[in-house]
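Heads up: the structure comes next, in structure tokens.
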């Protein structure tokens with residue numbers, strides 16, 4: 274399937290289907306590389322481009338909540354920055370984002386609220402500012 278065909282798969286619900294073209298333009302503005310690769314087979318995209326496509330496909334459904342797991346895993350630092358900038362833009366639209374991420378600093382930079390998990394258990398939770406000010410979090414997870 275091409276990039277556009279993948280994006281069409283994201284717009285299959287009643288709410289998003291009539292707005293496909295508008296949503297596609299919005300996704301292409303957020304991820305210009307997806308527009309450049311619109312007719313390319315998705316399987317030939319780089320790892321970062323595949324992550325962009327996965328997030329873009331989710332956006333096409335006009336969700337109230339978007340769940341993202343390990344956005345930065347295995348990606349080049351520049352792509353990680355681009356993806357997290359996209360999350361900041363997306364956050365402004367009012368979509369709730371549930372992000373599971375190993376890069377704590379990047380995750381907290383785009384979050385309003387966070388949970389610190391250790392061995393599957395919630396160790397700490399709270400507003401982002403509170404977590405960033407917590408000395409244990411700063412030492413153990415942020416390396417500060």
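Residue numbers (this note's numbering): 274 to 417.
Virtual Cβ for every residue (Gly too), placed ideally from N, Cα, C.
Remember, predicted model here, so these are calculated numbers, not experimental data.
Cβ atoms of residue j and residue i: under 7 angstroms apart, would you say?
{"i": "residue 289", "j": "residue 334", "result": "yes"}
{"i": "residue 276", "j": "residue 310", "result": "yes"}
{"i": "residue 348", "j": "residue 320", "result": "yes"}
{"i": "residue 368", "j": "residue 339", "result": "yes"}
{"i": "residue 385", "j": "residue 401", "result": "yes"}
DSSP three-state label for residue i, please.
{"i": "residue 330", "result": "helix"}
{"i": "residue 393", "result": "coil"}
{"i": "residue 383", "result": "coil"}
{"i": "residue 415", "result": "coil"}
{"i": "residue 335", "result": "coil"}
{"i": "residue 398", "result": "strand"}
{"i": "residue 354", "result": "helix"}
Which whole-angstrom value is the C-beta distance of residue i and residue j, which I expect to be below 8 angstroms?
{"i": "residue 356", "j": "residue 324", "result": "6 angstroms"}
Is there a C-beta anywhere in chain B that falls below 7 angstroms from the one on residue i?
{"i": "residue 327", "result": "Annotation note: the requested chain B is absent from the structure, which comprises a single protein chain."}
For residue i, which residues of its own chain have a beta-carbon under 8 angstroms away from its beta-carbon, when the five flanking residues on both sides are left out?
{"i": "residue 405", "result": "381, 411 and 415"}
Can you give me the Cβ contacts of residue i inside the same chain, cut-off strictly under 7 angstroms, excluding the 5 residues immediately before and after it?
{"i": "residue 279", "result": "315, 326 and 330"}
{"i": "residue 417", "result": "411"}
{"i": "residue 307", "result": "276, 300, 301, 325, 326 and 329"}
{"i": "residue 318", "result": "310 and 326"}
Short of 6 angstroms in beta carbon distance, which residues of its chain neighbour residue i, apart from the five on each side in sequence? Order them along the chain.
{"i": "residue 293", "result": "284"}
- [ ] May I ask you to verify whether the segment 364-377 touches the segment 339-348, counting CB pairs closer than 8 angstroms and requiring at least 3?
- [x] yes
Open item on the list: For the pair the segment 347-364 and the segment 388-407, tell me if three or more CB-CB distances fall below 8 angstroms.
Closed with: no
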